[in-house]
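Following: one structure in structure tokens, then a few remarks.
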Amino acid sequence: MVSLLTFLAHVLEPSREIVLHLLTQPDFKYLTALAALYIRLTFDSVDVYKVLEPLLNDQRRLNCRLGTVESGNVSVICMDQFVEQLLTQMKFADLMLPRIVSRIALEDQGLLDWRRSEVESEFEEWFDSDREMSKEDED
């Protein structure tokens, strides 16, 4: 089913603006996932990272079918896991994804800024507040 939907999206050749709108709309999570897959298949490496990385903070749940329809194996993954698979793996749902340049190589070339995750930011804020509290205790 994913292959068919991806093929139809490729045949329709939606404009970049339409694909980005489908990616950022908040109401239909599976439409967001399809747009993310389309972006991974058609955009260049720099744009793939710039456009898909904000979805690494998206915690919406997706039901994914593993294997054949007859097997009925369904697992629940979050959108961030789905996007991470798109960014790190070469195969998704029996589709061979085109090669993209690694993020580290793009950072070294100056094409991408260093990525800072929300978790890292929260940890640093917690660490700084903890350090301030320990200084106050010493005084």
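Numbering (our numbering), first residue to last: 18 to 156. Glycine included, each C-beta is placed from N, C-alpha and C at the ideal position. Note that the structure is a prediction, hence the values are computed from the model and not measured.
Worksheet item: Residues in its own chain within less than 7 Å of Asp75 by CB, not counting five upstream and five downstream?
Response: Met96, Asp97
Discussion item. If contacts are defined as beta-carbon pairs under 8 Å, then Ala52 and Leu79 qualify, I think. What distance do you get, rounded to the angstrom?
Written reply: About 13 Å; that fails the 8 Å criterion.
Discussion item. Is the beta carbon of Ser32 closer than 8 Å to that of Val118?
Written reply: no
Worksheet entry | Spatial neighbours of Val91 in its chain, beta-carbon cut-off 6 Å, leaving aside the 5 residues before and after | Asn80, Arg82
Discussion item. If distances are taken between C-alpha atoms only, which option among Glu142, Leu73, Glu30 comes closest to Phe60?
Written reply: Glu30
Practice prompt. Report back the beta-carbon spacing between Tyr47 and Ala26 to the nearest angstrom; my notes put them in contact at under 8 Å.
Written response: With 8 Å as the limit, Tyr47 and Ala26 do not qualify as a contact, their Cβ atoms being about 13 Å apart.
Practice prompt. Round the Cβ separation of Pro115 and Leu58 to the nearest angstrom and send it over; I've been treating them as touching at under 8 Å.
Written response: 7 Å
Worksheet item: From Glu70 to Val100, what does the alpha carbon distance come to, in whole angstroms?
Response: 8 Å
Practice prompt. Put Ser159 into one of helix, strand or coil per three-state DSSP.
Written response: Residue 159 is absent from the structure shown; the chain starts at 18 and stops at 156.
Worksheet item: Nearest-angstrom Cα distance between Asp44 and Ile35?
Response: 15 Å
Item to complete: With distances taken Cα to Cα, identify the nearest neighbour of Val68 among Arg132, Met113, Lys108, Val93.
Response: Arg132
Discussion item. Quick check on Met113: does DSSP put it in helix, strand or coil?
Written reply: strand
Item to complete: Using a threshold of 8 Å, state whether the C-beta atoms of Tyr66 and Arg120 are closer than that.
Response: yes
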